[in-house]
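Structure record follows, encoded as C-alpha cells.
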Amino acid sequence: MDNLKKNQYVKSEITKALLELLKEKDLNEISIREITTRAQVGRVSFYRNYKRKEDILEQYLFFIIKEWGESNTDSLSMDKLLKKLFEHLVSYRDFYTLLYTKGLLYLFKDTLKRLITKDQELPNVAAYSVAFVSYGIYGWIEEWIARGMQESADEIYNILISQKNMPQ
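Going by UniProt numbering, the sequence shown wraps up at 168, each residue one higher than the last.
Right, dumping it as C-alpha cells:
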C-alpha cells in the first residue's frame with residue numbers, strides 16, 4: 001500500500017472510531033487515546049492528520065458534502081440542488097442525527113457555507129447573500145432533523161418551495 005492509501009485508510013479508521021464513540025458519549029468526553037485505540041492506529045497518526053477532534057468530523061462532512069456537490073452542481077438549478085441536498089441528508093440520516101443529538105450540527109452549517117463560497121473571500125454583498133441562504137437552509141434542515149425527519153426528501157423540499165412564494 002502506498003503512503004496516500006495508507007493515510008486514507010488511517011483517516012477512515014479514525015473517522016469510524018470517532019463515530020462509534022459518539023454513539024456512546026459526548027465529544028468532550030472522548031479522548032484522543034480512545035479514538036486511536038478504537039481505530040487501532042498510533043496517536044502520531046491522529047496528530048499527523050488532525051489538530052482537534054472536531055477536525056475529523058469537519059473533514060468527513062466536507063468530503064460527503066463535496067461528493068454530493070460535485071455530483072449535482074453542474075447542470076441543476078438551485079431548486080433541484082436543494083432537493084438533492086435533502087436526498088443526501090436522508091442518505092446520511094444516522095450521521096446527521098448523531099451530529100444533532102450531540103450538539104455538533106453547527107459543523108454542517110460551517111461546511112455548507114464553506115462549500116458555497118468555495119473558500120473564497122467574497123465582497124460584502126455577496127458574503128451577506130451567501131450567509132442568508134446558507135443559514136436559512138441550515139435552519140430549515142436543523143428543524144427537520146430535530147423533528148425526526150418525518151417528511152421524505154421530496155415532501156420537505158415541496159414544503160420549502162411552497163414557502164418561497166409566501167405573501168409578504
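Note that CB positions come from ideal geometry on N, CA and C, so glycine has one too.
Owing to the predicted nature of the structure, the values given are computational and were not obtained by experimental measurement.
Residue environment, residue i, which counts as buried when at least 16 other CB atoms sit within 10 Å
i, result
"Ala-146", "exposed"
"Gln-168", "Because the pLDDT at Gln-168 is just 42, under 50, the model does not fix this residue reliably, and the point stays unresolved."
"Gly-69", "buried"
"Tyr-47", "exposed"
"Ser-45", "buried"
"Phe-108", "buried"
"Leu-18", "buried"
Residue i Cβ short of 8 Å to the ligand COA heavy atom set
i, result
"Arg-43", "Looking for the ligand COA in the displayed structure turns up nothing, as the structure carries no ligands at all."
Per-residue DSSP class, three states only, for residue i
i, result
"Ser-31", "coil"
"Asp-94", "helix"
"Ser-129", "helix"
"Leu-105", "coil"
"Tyr-50", "coil"
"Ser-12", "helix"
"Lys-113", "helix"
"Gln-150", "coil"
Straight-line Cα distance separating residue j from residue i
i, j, result
"Tyr-96", "Lys-51", "22 Å"
"Ile-141", "Glu-151", "11 Å"
"Thr-37", "Tyr-106", "27 Å"
"Ile-65", "Ala-131", "17 Å"
"Gly-139", "Leu-160", "12 Å"
"Asp-26", "Lys-84", "30 Å"
Given residue i as reference, the closest of the options once Cα atoms are compared
i, options, result
"Glu-143", "Pro-123, Ser-91, Gln-120 and Phe-86", "Phe-86"
"Leu-98", "Glu-29, Thr-117 and Leu-57", "Leu-57"
"Ser-162", "Met-149, Gly-139 and Asp-79", "Asp-79"
"Gln-8", "Leu-22, Glu-54 and Tyr-60", "Tyr-60"
"Phe-62", "Ile-159, Leu-4 and Asp-119", "Asp-119"
"Gly-103", "Glu-54, Ala-127, Ile-137 and Ala-39", "Glu-54"
Whole-Å CB distance - residue i paired with residue j, under 8 Å assumed
i, j, result
"Arg-43", "Ile-30", "Arg-43 to Ile-30, Cβ: 14 Å. No contact."
"Ile-116", "Ser-134", "5 Å"
Residue-level contact to chain B via CB, residue i, 9 Å cutoff
i, result
"Val-90", "This model lacks chain B altogether; it includes just one protein chain."
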